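Here the sequence shown is numbered in my numbering, starting from 4 and rising by one per residue. No residue lacks a Cβ here, since even glycine has one placed at the ideal position from N, Cα and C. Remember, it's a predicted structure, so these values are computed and weren't measured experimentally.
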Amino acid sequence: MRHLRVLVALGGVLVAGASVRAHEIGTTRVTILLPATARYEIQIVTDAASLAEKVGAAAGSTPIDTTDPAALRQRLEELGAVFRGRFVIAFDGRAVRPDLAWKVEPSTAVGGAPVATIRLSGPVPDAARQLTWSYAWTFASYALVARRDPAGQATTEWLEGGETSAPLALLGPSPMVSPLRLGSRYVALGFTHILPHGLDHVLFVLGLFLLSRRLRPLLLQVSAFTVAHSITLGLGLYGLLTLPASIVEPLIAISIAYIALENIFLSHLNHWRVVLVFAFGLLHGLGFAGALKEVGLPRSEFATALLSFNVGVELGQLTVIGLAFLLVGLPYANRVWYRSRIVLPASALIACFGVYWTVERLFKL
């Protein structure tokens with residue numbers, strides 16, 4: 004009965020994650036244009052539906068249609084006073100009250116929620132020397148990008164929801180974030196892009212695991228996948244190779260379904276499997292790049308982001324494989340019923356979600 008509990012647990016994870024969107028990085032991004040004049044300007048880009056639900060819950064309001072941009076904008080404008088309660092703009096430690104301007108537009112991502120753009124602006128207090136920022140309407144890490152002018156150099160600081168930024172100097176250069184701290188943030192983003200947010204990538208790696216009872220063939224496939232997605236992650240991040248999400252995301256879903264179906268119809272690895280895994284890795288790399296670019300990284304940080312994020316992704320994938328071996332591979336892989344009771348049912352579940360995601364992403368359900 005233990006193997007049945009494993010399958011039930013896997014099924015529960017899949018059902019719970021059926022509505023999880025791919026590449027959930029940077030649903031909130033904040034850009035500060037450090038004032039060279041007497042006014043400051045801050046832009047928040049975030050998931051409009053999620054923000055409206057949080058602000059509405061804080062205000063005790065009734066739920067609304069979270070797919071209608073017009074309704075979301077009206078709700079956010081109505082609750083502007085509540086929204087003000089969880090962010091702070093301070094000059095030299097003294098909070099100011101900015102003007103708010105709202106815009107809500109449909110998402111350009113496949114199956115994405117409407118996007119809210121909130122502009123905060125106001126006069127800079129006389130003789131102010133530095134600015135600090137905090138924002139508590141998100142529970143995740145988000146990027147705070149500070150620029151001297153729209154086309155100039157920028158610095159990025161990663162903050163947790165509610166955390167106060169380092170002081171940003173209004174005159175002279177702002178203090179740079181240390182490479183170690185910046186790199187550790189991107190490693191964490193890469194890891195969380197797999198666990199817990201990358202259910203599609205987790206299922207792909209599990210699909211590789213299910214047909215490989217021995218560690219060496221599995222590591223060969225994972226290595227091919229790693230090399231491939233590293234190539235397209237780099238090319239995509241630098242803008243040398245781009246494909247729209249409307250193409251990449253359905254193809255990623257197809258790759259998941261294909262690997263799972265191959266597990267069902269084949270009982271052993273064939274030589275073409277590694278080649279296919281490499282090709283699918285190229286697609287997943289473009290997905291990683293699209294997610295990372297959505298954060299709005301300054302170009303000066305691309306190299307740090309590329310290396311560190313990739314390290315985080317690999318750590319996430321190795322964690323998935325390690326857990327799979329501990330929970331399934333070691334206790335069950337040598338049982339005579341392993342294929343009929345573990346590989347086939349689990350692969351069928353993965354294939355179903357691959358097909359579901361393919362249809363969802365093609366038709367934006």
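- In the structure shown, Leu134 falls within a strand segment according to DSSP collapsed to helix, strand and coil.
- Each residue's CA atom was taken as its position, placing Thr31 and Ser270 some 44 Å apart.
- DSSP, reduced to helix, strand and coil, places Asp50 within a strand of the structure shown.
- Of the candidates Ile259, Arg364, Leu272 and Leu318, the residue whose Cα lies closest to the Cα of Leu352 is Ile259.
- DSSP places Ile67 outside both helix and strand once states are collapsed to three, so it counts as coil.
- Annotated as proximal: Leu240 and Ala292, with beta-carbon spacing under 8 Å.
- Annotation: the segment 200-283 contains no complete segment of the beta strand (DSSP E) (minimum length 3 residues).
- Restricting attention to Leu82, Gly125 and Ala73, the CA atom closest to the CA of Pro101 is found in Gly125.
- Rounded to the nearest whole angstrom, the C-alpha separation of Arg364 and Leu286 is 15 Å.
- The DSSP-derived three-state label of Trp340 is coil.
- If you compare the alpha carbons of Ile345, Glu81 and Val251 with that of Arg216, the shortest gap goes to Ile345.
- The DSSP-derived three-state label of Ala149 is strand.
- Cβ-Cβ separation between Gly288 and Ala231: approximately 6 Å, consistent with a contact (criterion under 8 Å).
- At least 8 Å separates the beta-carbon of Gln133 from that of Leu192.
- In this chain, the alpha helix (DSSP H) harbouring Leu310 covers Phe305 to Ala327.
- DSSP places Ala73 in no beta strand (DSSP E) but in the uninterrupted alpha helix (DSSP H) bounded by Pro72 to Glu81.
- In the structure shown, Leu174 falls within a coil segment according to DSSP collapsed to helix, strand and coil.
- Its Cα nearest to that of Leu272, the residue Leu223 stands out among Ser187, Glu166 and Leu223.
- Between Ala41 and Leu75, the beta carbon gap of about 33 Å keeps them out of contact (Cβ cut-off 8 Å).
- Distances from the CA of Glu252 to each of Val362, Leu36 and Leu243 were compared; the closest alpha carbon is that of Val362.
- For Leu211 against Val280, the beta-carbon gap comes to about 7 Å, under 8 Å, which counts as contact.
- A Cβ-Cβ contact shorter than 8 Å links Ala98 with Val91.
- For Ala139 against Arg89, the beta-carbon gap comes to about 4 Å, under 8 Å, which counts as contact.
- Boundaries for Leu123: no alpha helix (DSSP H) harbours it, while the beta strand (DSSP E) harbouring it runs Val118 to Pro126, taken from the DSSP string.
- Counting the other CB atoms within 10 Å of its CB gives Asp203 a total of 16 or more, which places it among the buried residues.
- Its Cα nearest to that of Asp68, the residue Ser53 stands out among Ala61, Leu82 and Ser53.
- For Leu309, same chain residues with a beta-carbon under 6 Å away, outside a window of 5 residues either side, are Gly237 and Leu240 in chain order.
- The residues Leu286, in chain order, have a CB closer than 8 Å to that of Leu254 in the same chain once the five nearest residues on each side in sequence are set aside.
- At the C-beta level, Val208 and Gln320 come within 8 Å of one another.
- The C-alpha of Pro199 lies about 43 Å from the C-alpha of Pro128.
- DSSP places Phe366 inside the alpha helix (DSSP H), whose first and last residues are Leu347 to Phe366.
- Ser303 and Ser110 have their alpha carbons spaced roughly 27 Å apart.
- Inter-residue distance for Leu147 and Ile35 is about 7 Å (C-alpha atoms, whole angstroms).
- Ser311 is not a Cβ neighbour of Tyr145, given a cutoff of 8 Å.
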